[in-house]
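Colleague:
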Amino acid sequence: MKAQEVDQALFPLFIELIDQNAKVSIRKTLDLWHHPFRGLSAAAPDVVTETIQRDYLQKLALATQDGLYLVPKVIELILANRPTPSFHT
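Taken in order, the sequence shown gives residues 29 to 117; the numbers are from our numbering.
1. For residue 98 and residue 75, what's the separation of their Cα atoms in angstroms?
2. Using a threshold of 7 Å, state whether the C-beta atoms of residue 131 and residue 86 are closer than that.
3. Going by DSSP, what residue range makes up the alpha helix (DSSP H) through residue 86?
4. Identify whether residue 98 lies in helix, strand or coil by the three-state DSSP scheme.
5. Starting from residue 78 and walking both ways along the alpha helix (DSSP H), at which residues does that stretch end?
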């Protein structure tokens with residue numbers, strides 16, 4: 029099938045799709061969305077529920093310095109093909 033034949037076959041379907049979409053009423057849906065604060069949902073209260081676990085989590089890290097996590101230089105590891113990571117300082 030040539031491109032022109034495909035265009036001729038699909039064009040009426042495309043026009044029909046446009047006509048069907050024009051008939052669809054989205055007014056009811058839009059009425060629900062017209063204002064962001066209308067009909068607020070019952071969300072969870074905005075309160076802090078977690079505790080600070082910084083010291084515990086830093087103990088689990090491979091390397092830390094001055095309260096910061098040190099990350100391996102991944103590109104250097106790949107290029108050097110070394111089994112042990114070196115860390116940024």
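Glycine included, C-beta positions come from ideal geometry on N, C-alpha and C.
Modeller: A quick look at the data gives this:
1. 31 Å
2. In the structure as shown, the chain begins at 29 and stops at 117. Residue 131 is therefore absent and cannot be evaluated.
3. 82-88
4. coil
5. Here residue 78 belongs to no alpha helix (DSSP H), and DSSP marks it neither H nor E.
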